[in-house]
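Structure first, then comments.
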Amino acid sequence: MSSRRLPGLGLDRFSGLYLWALFIAVFAVWVPRLFLTAGTLHAVAAQQAIAAIVAIAVLVPLAGGAYDLSVGATVNFSTIMVTVLQSNHGWPMWPAIGATIALCALIGAINGFLVVVCRVNSFIATLGSASVIGAFQAITAGQAQPLPPSSTAWSSLTQHEVLGFQVIVFYMLAIAVVAWWGLARTPAGRYLYAVGGNAEAARLSGVRTGRWTWLALIASATLCGVAGVFYASLSGPSLTFGGALLLPAFAAVFLGSTQLTPGHVNVWGTLIALYALATGIKGLQLVTGVQWLPDMFNGLALLIAVSFAVWRQQGRGRDRPRPVDGATAGEATTTEPPAVVTPQELPVNQ
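For the sequence shown, counting from 1, position 142 maps to 142 in full-length UniProt numbering; every step adds exactly one.
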């Protein structure tokens with residue numbers, strides 16, 4: 001039975017929530033003593049908080065049709081830089097954090113320059129910049145990974161608890177709310193979605209497409225800088241952590257685009273997808289103890305989400321009306337140009 005026959009269940013919009021509930025039910029019965037604990041709930045929430053911030057960083061430029069493959073390298077750079085400034089150069093915590101995030105924003109500005117001004121494909125531009133960032137990160141770190149700062153304020157930035165959860169979870173939720181509001185409730189988000197939907201139509205409507213793509217890439221790198229600072233406070237600097245987030249972030253964003261507002265990347269769909277997958281992974285790890293499950297889950301999720309998007313697009317193509325009134329393959333037909341709408345008429349995707 002298709003989702004069209006079950007409109008009340010909303011399978012086309014809420015399948016991620018059903019999957020999440022299914023995982024919870026299965027593992028609650030399978031391993032109740034391990035799964036149904038406050039510790040498991042708190043661990044899953046905290047462990048995925050930084051991944052969620054990185055997924056939002058991927059989502060913002062993707063809403064405008066641009067890929068940022070430098071997110072992992074930018075996160076790594078942030079963890080190293082904020083640590084080196086404090087441990088090696090004696091900077092106070094907040095100036096070190098501010099300088100690190102500003103440098104990450106500069107990385108986003110450079111990515112935007114490559115994409116908008118030099119007209120390099122965003123996939124290629126950010127992939128290349130990731131390699132350059134990795135080299136610069138190695139130079140910054142020196143011969144050995146820097147030691148984390150020893151101050152109590154630095155560790156308590158992310159490690160103290162609120163209502164039993166690490167405060168990093170609430171930081172992530174605050175970022176998610178701001179990102180959702182910016183994308184779904186402001187002209188900036190409306191313009192960005194318009195650029196991602198049809199850049200040429202948006203340009204003809206008066207939208208400065210290059211500017212919004214540039215700003216989206218800056219926002220993405222800035223969020224990665226924030227994520228790196230949080231990770232450094234939680235676990236110390238890392239030369240490899242960010243790379244491990246690339247696949248989960250894209251998997252969550254693409255799978256999330258099938259939720260709530262199918263066909264559009266969105267913040268809450270991304271978080272639903274991320275935590276549904278994390279719940280399934282955690283449950284299977286409690287049962288089996290194997291460590292390769294995250295890569296398998298995230299890889300399959302990415303393949304399924306992209307395949308579904310392609311299938312959905314092909315379905316839309318088949319549903320388009322065909323020429324009538326005697327138009328045949330051998331007859332010339334005329335097509336009216338697409339209407340140009342004003343920026344105020346561009347739709348808001350939630």
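Here a beta-carbon is modelled for each residue, glycine too, at the ideal position from N, C-alpha and C.
Checklist entry - Which of helix, strand or coil does DSSP assign to Q166? => result Residue numbering aside, residue 166 sits at position 166 when the sequence shown is read from its first letter. Of the three classes helix, strand and coil, the one that applies to Q166 here is strand, per DSSP.
Checklist entry - Closest to F123 by CA distance: which of N111, I133 and V117 is it? => result Looking up residue 123 in the sequence shown gives position 123. Cα-wise, what sits closest to F123 is N111.
Next on the checklist: I'd like the list of long-range same chain contacts for G72, defined as Cβ closer than 6 Å, with 5 residues on each side in sequence excluded.
Outcome noted: Locating residue 72 in the sequence shown gives position 72, where the first residue counts as 1. If we look at G72 and ignore the five residues flanking it on each side, its Cβ neighbours are G242, G243, L245 and L246.
Item to check | Sub-8 Å separation of I107 and A221 beta-carbons | outcome: Translated into positions along the sequence shown, residue 107 becomes position 107. Translated into positions along the sequence shown, residue 221 becomes position 221. Yes, they are a contact pair.
Checklist entry - How is the alpha helix (DSSP H) around F77 delimited, first residue to last? => result The residue given as residue 77 occupies position 77 in the sequence shown. DSSP places F77 inside the alpha helix (DSSP H), whose first and last residues are V71 to S87.
Next on the checklist: Whole angstroms are fine: how far does the CA of G269 sit from the CA of V207?
Outcome noted: Here residue 207 corresponds to residue number 207 of the sequence shown, with the count starting at 1. Here residue 269 corresponds to residue number 269 of the sequence shown, with the count starting at 1. So the alpha carbons of these two residues sit roughly 26 Å apart.
Checklist entry - In terms of alpha-carbon separation, which member of L204, V226 and S233 lies closest to S87? => result Taking the sequence shown and counting its residues from 1, the one referred to as residue 87 is at position 87. Of L204, V226 and S233, the residue nearest in Cα terms is S233.
Checklist entry - Closest to V306 by CA distance: which of G283, V253, P294 and G280 is it? => result On the sequence shown, position 306 is the one that residue 306 refers to. Comparing Cα-Cα distances from V306 to each of G283, V253, P294 and G280, the minimum goes to V253.
Checklist entry - Out of I56, V44 and Q48, which has the shortest C-alpha to C-alpha gap to V250? => result Here residue 250 refers to the residue found at position 250 of the sequence shown. First, the residue type needs correcting, since residue 250 is Phe and not Val in the sequence shown. Comparing Cα-Cα distances from F250 to each of I56, V44 and Q48, the minimum goes to I56.
Next on the checklist: In this structure, how does DSSP classify V324 when only helix, strand and coil are distinguished?
Outcome noted: What you label residue 324 is simply residue 324 of the sequence shown in a count that begins at 1. In this predicted model, V324 has a pLDDT of only 44, less than 50, meaning its place in the structure is not dependable; the value taken from the coordinates is given anyway. Here V324 carries a coil assignment [DSSP, helix/strand/coil].
Checklist entry - Buried or exposed: Y191, going by 16 or more other Cβ atoms within 10 Å of its Cβ? => result In the sequence shown, residue 191 corresponds to position 191, counting from 1. With 16 or more Cβ atoms within 10 Å of its Cβ, Y191 is classed as buried.
Checklist entry - When burial is assigned at 16 or more other CB atoms within 10 Å of the CB, is P323 buried or exposed? => result To locate residue 323, count along the sequence shown from 1; it is residue 323. Legend: pLDDT at P323 = 46, less than 50; position of this residue unreliable, no value from coordinates given.
Next on the checklist: Does I139 pass the burial test, meaning 16 or more other C-beta atoms within 10 Å, or should it be called exposed?
Outcome noted: On the sequence shown, position 139 is the one that residue 139 refers to. Classification for I139: exposed.
Item to check | For Y275, the first and last residue of its enclosing alpha helix (DSSP H) | outcome: If you number the sequence shown from 1, residue 275 lands on position 275. For Y275, the uninterrupted alpha helix (DSSP H) segment begins and ends at V267 to T288.
Checklist entry - Which residues in the same chain as F297 place their Cβ atom closer than 7 Å to its Cβ, once the five residues preceding and following it in sequence are excluded? => result As a position in the sequence shown, residue 297 is number 297, starting the count at 1. Excluding sequence neighbours, F297 sits near L277, G280 and I281.
Item to check | Neighbourhood of F165 by C-beta distance below 8 Å, restricted to the same chain and skipping five residues each side | outcome: Counting from one through the sequence shown, the residue named residue 165 turns up at place 165. Residues of the same chain with a CB within less than 8 Å of the CB of F165, apart from the 5 flanking positions on each side, are H42, A45 and A46 in chain order.
Checklist entry - With respect to the alpha helix (DSSP H) encompassing R211, which residues constitute its N-terminal and C-terminal limits? => result If you number the sequence shown from 1, residue 211 lands on position 211. Counting along the chain, the alpha helix (DSSP H) containing R211 begins and ends at T209 to S235.
Next on the checklist: Using 8 Å for Cβ pairs, my map puts P237 next to R13. What's the rounded Cβ distance?
Outcome noted: Stepping through the sequence shown from its first residue, residue 237 is reached at position 237. Stepping through the sequence shown from its first residue, residue 13 is reached at position 13. That pair is no contact at about 41 Å.
Checklist entry - For L239, which residues of its own chain have a beta-carbon under 8 Å away from its beta-carbon, when the five flanking residues on both sides are left out? => result Against the sequence shown, residue 239 aligns to sequence position 239. Listed in chain order, the non-local C-beta contacts of L239 below 8 Å within the same chain comprise N76, I80, Q137, A138, A141 and Q145, local neighbours out to five positions each way being set aside.
Checklist entry - With a CB to CB cut of under 6 Å and the five nearest residues on each side skipped, what residues in its chain are close to G196? => result One-based indexing of the sequence shown puts residue 196 at position 196. Taken in chain order, the residues that qualify are A63, G64 and G65.
Next on the checklist: Buried or exposed for R320, going by 16 or more other Cβ atoms inside 10 Å?
Outcome noted: In the sequence shown, residue 320 corresponds to position 320, counting from 1. Low confidence applies here, because R320 scores a pLDDT of 49, under 50, leaving its location unreliable; read the following figure in that light. So R320 ends up on the exposed side.
Checklist entry - For G16, which residues from the same chain have a beta carbon less than 8 Å from its beta carbon, with the 5 sequence-adjacent residues on both sides left out? => result Position 16 of the sequence shown, counting from 1, holds the residue named residue 16. Cβ neighbours of G16 beyond the five flanking positions: L255, G256, T258, Q259, G269, I272, A273 and A276.
Next on the checklist: Threshold first: 4 residues or longer. Then list the alpha helix (DSSP H) segments lying entirely within the stretch 92-119, N to C.
Outcome noted: Taking 4 residues as the shortest admissible run, the stretch 92-119 contains the following complete alpha helix (DSSP H) segments, listed from N- to C-terminal end: 93-112.
Item to check | Limits of the alpha helix (DSSP H) - the one that H42 falls within | outcome: As a working mapping, residue 42 is identified with position 42 in the sequence shown. Segment A38 to Q47, the alpha helix (DSSP H) holding H42.
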